[in-house]
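In this note's numbering, the protein residues as written are 9 to 116. Glycine included, each C-beta is placed from N, C-alpha and C at the ideal position.
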RNA sequence: CGAGUCGGCAGGGCGGUCGCGGCGGGUGAGAACUCGUCGAGGAAAGUCCGGACUCCGAAGGGCAGGGUGGUUGCUAACGGCAACCCGGGGCGACCCGCGGGACAGUGCCACAGAAAGCAAACCGCCUGACAGCUCCGUUGGUGCCUCCGGCACCGGCGGGCGCGGCCAGGUAAGGGUGAAACGGUGGUGUAAGAGACCACCAGCACCCCGGGUGACCGGGGUGGCUAGGUAAACCCCACCCGGAGCAAGGUCAAGAGGGAGUCCUCCGGGACUCCUGCGCAGGCGAUCGAGGGCUGCCCGCCCGAGCCUGCGGGUAGGCCGCUAGAGCCUGCCGGCGACGGCAGGCCCAGAUGGAUGACCGCCCCCCGGCCGCGAGGCCGGGGACAGGAUCCGGCUUACAUGCCGGCUCGUCCG
RNA sequence: UCCGCCGUGGUGUAAAGGCAGCACCUCAGAUUUUGGUUCUGAUGGUCCAGGUUCGAUCCCUGGCGGCGGAG
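Below is the structure:
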């Protein structure tokens with residue numbers, strides 16, 4: 009099992025995306041972590057719902073069979089959906105690079 | 001119209017494109033797809049009270065502990081609500097109050113002040129005694145002079161609206177202080193004073209009459225003239241309180257270890273089914289009773305063969321509870337009101353890695369800027385507090401903006 | 001769901017109803033060629049609102065925030 013962590017923090021809402029390779033199915037799985045530091049219950053739910061829609065639109069670009077963990081930082085509370093989408097895009101782009109690197113370097 | 005006060009309601013709307021959860025129907029072997037329908041709040045919040053419900057043996061007595069604290073009601077219940085009483089604030093509508101007891105006892109009241117709680121007495125005031133000083137009168141002696149007489153010094157006696165000292169007694173009127181000082185004001189009275197006495201006022205206790213279910217209110221009389229505050233200090237009194245909580249509780253399955261059976265085998269073992277429900281070590285104990293049953297202690301009663309500690313291992317699932325209820329709406333009736341009764345109608349979230357959303361357009365409201373004489377137009381920004389997790393009744397806290405109504409005060413007009 | 005504890009200068013802590021202290025930090029001055037050390041001095045606080053009391057960090061009520069525990 010490979011766990012690849014994007015260590016750099018993106019500017020706005022969604023700084024961290026951790027993909028975990030699984031051998032399970034072809035469907036990619038995504039989980040969200042929105043801690044209490046982001047805001048109260050209403051704010052946390054709103055952030056999670058926005059992230060759910062943003063990630064849903066990008067599911068086709070994610071390799072099948074892997075599991076993503078998206079963690080929201082406190083600045084995500086005031087971010088619009090477009091900003092969250094941009095952060096997700098940049099995070100996915102960085103992950104794809106590092107994943108290619110690991111593919112060329114090691115056994116799968 | 002302005003100011004104020006009390007109460008109630010709403011908490012953006014429409015459309016489009018994607019999307020989510022429950023229930024029901026259809027297609028399908030299934031995954032899933034599709035149609036219909038329902039899908040957060042006034043506080044869902046904080047978890048501060050009270051209940052329903054479930055289990056603990058339907059839960060004994062005493063002590064301890066906790067809670068409440070005007071009265072009468074409402075309610076399933078409450079620390080909630082309503083009306084009223086009392087106290088305080090406001091011109092008023094109205095608002096605020098943990099609002100029993102300080103002669104059951106204990107404690108505390110810093111600093112200041114004579115004294116801080118039970119009666120005393122520092123200063124002061126008054127009386128008397130003693131000695132002294134001073135002044136006046138009188139008298140004796142000595143000395144001086146202008147030798148009648150006067151003056152000075154020393155002494156005796158008597159006296160003073162005299163002075164200070166000391167002692168004894170009376171008194172509490174007055175005294176800077178302090179949050180609070182032993183009733184207030186005026187008078188009589190006295191050596192000085194004092195409820196010692198008198199009038200009025202305030203306040204206390206008791207009795208009587210009247211009103212009220214009651215808290216209490218109004219009136220009258222008697223007494224003693226006065227009793228400080230603090231119980232959100234200990235405490236006393238009255239009333240209430242068994243404990244835990246939906247991770248309550250029930251049920252099904254799985255599991256490690258062990259046993260039995262069947263099958264396969266390369267003879268090491270492995271697979272499946274059924275039963276039990278893990279292993280190791282230490283300690284205590286089986287009527288001489290461990291441990292437990294109501295949380296703290298004691299007593300009483302009861303259950304009782306396992307219990308405790310450490311290490312290691314397994315499980316990390318489903319279903320029920322789980323949403324029809326002190327339910328919501330409308331109307332009528334009773335009640336000042338909280339609320340209750342009757343009739344009719346309605347079904348209104350049940351998630352569980354936790355659904356009710358995302359994006360866009362138009363409208364609405366507010367703010368700012370620009371253009372325009374103006375009606376208005378354009379651009380930009382903003383539209384709260386906040387989301388169920390067993391359910392319900394309250395309390396408390398948060399909340400952009402808008403709407404409605406009752407009442408009070410002031411100004412103007414008629 | 002239930003229970004408990006705490007909140008005092010920037011930090012760590014005392015005060016037990018009666019003048020809010022102590023140490024470190026910060027700042028200023030002195031000493032030193034400069035810096036450090038040392039000495040002297042100063043600024044700065046009771047989480048918020050209301051209540052009880054003559055008087056509240058302390059007692060009571062309600063909020064806010066933090067920490068911890070049980071199943």
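Please name the residue in the options whose C-alpha comes closest to that of residue i.
i, options, result
"residue 68", "36, 103 and 101", "36"
"residue 97", "82, 62 and 47", "62"
"residue 90", "66, 76, 79 and 77", "66"
"residue 59", "50, 93 and 83", "93"
"residue 51", "43, 85 and 76", "85"
Taking DSSP as the reference, what is the three-state secondary structure of residue i?
i, result
"residue 42", "strand"
"residue 70", "coil"
"residue 87", "coil"
"residue 76", "strand"
What residue range is occupied by the uninterrupted alpha helix (DSSP H) comprising residue i?
i, result
"residue 49", "49–65"
For residue i, which residues in the same chain have their Cβ closer than 7 Å to its Cβ, ignoring the five residues on either side in sequence?
i, result
"residue 82", "45 and 46"
"residue 101", "none"
Going along the chain, which residues of its own chain have a beta-carbon closer than 6 Å to the beta-carbon of residue i, five neighbours each way excluded?
i, result
"residue 40", "56, 59 and 78"
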